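Participant: Quick one: the structure is below, and I'll ask about it shortly.
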C-alpha cells in the first residue's frame with residue numbers, strides 16, 4: 006500500500022523508514038519549518054518503538070509476553086497502550102460475534118507463526134479475557150495475540166505524534182497499515198500479489214486510515230500441511246483464503262482488526278463495517294485477473 010504526502014503549503018518534507026513491528030515502517034512529515042518536520046518524524050518513531058516494546062508477541066521481554074505467561078494465574082497490571090488495544094480487540098470481537106478473536110495465539114504458536122509461550126486451553130474465546138481497573142486476567146490458560154490490531158494502534162499513535170510536533174501533513178505506513186492526515190486528499194494504492202501483481206488505486210483520503218491484509222502469499226508448510234496466519238476463531242483452524250482485503254476506517258486500529266473480519270466473512274461483514282463507519286475492498290484472483298468487490302455498495 007502506498008500514499009504520497011502532497012503539501013503545497015508546507016515546504017519542508019522529511020521521510021524516514023525503519024524496521025519495527027515486524028515490517029518496514031515509513032513515516033513522512035510535511036511542515037512549515039524543517040524543525041517541525043524532523044521533530045515529528047523523530048517523535049513518531051519513538052512512539053512506534055514504545056508500542057513495539059510493549060505489544061510484540063515475538064519478544065520474550067515484552068509486556069504482552071509477560072501477560073501471556075502470568076495472567077491465567079493472577080491479575081496483571083497493564084500499561085495504557087496495552088489496555089487500549091485489548092479493550093478495542095474485545096469490542097470488535099463482541100460486534101463481530103467472535104469472528105475477530107484475540108485469543109487465537111495458541112493456534113498461531115502451534116503453527117510456528119508465534120513463539121511458544123504458554124500452554125493453552127483450546128476452549129478459550131475472547132470472553133475469557135477480563136479487563137478492569139486493576140488490570141487484566143484470563144479465565145482459562147490462553148495466549149493473547151494482538152498482531153491483528155496492535156500495528157494499527159501504533160500507526161494511529163505515531164500519526165498523533167506527527168500532529169503534536171507541528172506537521173501539517175503526514176503519512177505513517179507500516180507494511181499496509183496506513184494513516185494520513187492533512188487538508189489535501191491522498192490517493193492510496195494497493196498492490197496485488199503474484200507474478201502479475203499490479204498497483205491499483207483504492208481510495209482517496211485526507212484524514213483517515215486504510216489497512217490491507219493479503220493472505221494469498223502468507224503460507225507455511227506445517228507437518229506436511231499448508232497453513233496461513235489467518236485463524237478462523239469459530240473452527241480454530243487456518244483459513245486458506247487468497248483474498249487481499251483493504252478496509253478504510255476512522256482509525257487504523259479499527260481498520261486493521263476489520264481486515265480479518267472481512268477476509269473471513271466477505272459480504273457478510275457489511276453489518277460490522279457499518280457499525281464502525283468503515284468500508285472495504287476485496288481483491289480476489291479469478292482466471293488470472295483480479296476481481297474487486299466493494300463493501301458496502
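Residue numbers (the working numbering): 6 to 302. Note that beta-carbon positions come from the ideal geometry of N, C-alpha and C, so glycine has one too. Source: prediction; values computed, not measured.
(1) Helix, strand or coil for residue 299 per DSSP?
(2) Quick one: give me the first and last residue of the beta strand (DSSP E) that residue 239 is part of.
(3) Who does residue 32 pair with in a DSSP beta bridge?
(4) DSSP on residue 65, reduced to helix/strand/coil?
(5) The alpha helix (DSSP H) that contains residue 50, what's its start and end?
(6) Keeping to the same chain, check which residues put their C-beta closer than 7 Å to that of residue 13; ignore five residues upstream and five downstream.
(7) Using the DSSP secondary-structure output, state which residues sit across from residue 155 in a beta bridge.
(8) Can you grab the Cα-Cα spacing for the pair residue 34 / residue 172, in whole Å?
(9) Verify whether the separation of the beta carbon atoms of residue 254 and residue 281 is less than 7 Å.
(10) Under 8 Å: do the stretch 62-73 and the stretch 147-167 share three or more Cβ pairs, one atom per stretch?
(11) Within its chain, find whatever has a CB closer than 6 Å to the CB of residue 296; leave out the 5 residues flanking it on each side and keep chain order.
(12) The alpha helix (DSSP H) with residue 264 in it runs from where to where?
(13) How would you write the range of the beta strand (DSSP E) that residue 184 sits in, first residue to last?
(14) Taking C-alpha atoms, which residue in 124, 142, 123 lies nearest to residue 131?
(15) With C-beta atoms as the reference, is residue 166 less than 7 Å away from residue 89?
(16) Considering only residues of the stretch 92-118, which uninterrupted alpha helix (DSSP H) runs meet the minimum length of 4 residues and lie entirely inside it, listed in chain order?
Facilitator: Inspection of the coordinates gives the following:
(1) strand
(2) Neither: residue 239 is in no beta strand (DSSP E) and is coded neither H nor E.
(3) 21, 177
(4) coil
(5) 39-60
(6) Any reading at residue 13 is ruled out, since the residue's pLDDT is 49, under 50, leaving its predicted position unreliable.
(7) DSSP, once it has assigned bridges, lists no residue as partnering residue 155.
(8) 6 Å
(9) yes
(10) yes
(11) 289
(12) 257-270
(13) 182-186
(14) 142
(15) no
(16) 110-115
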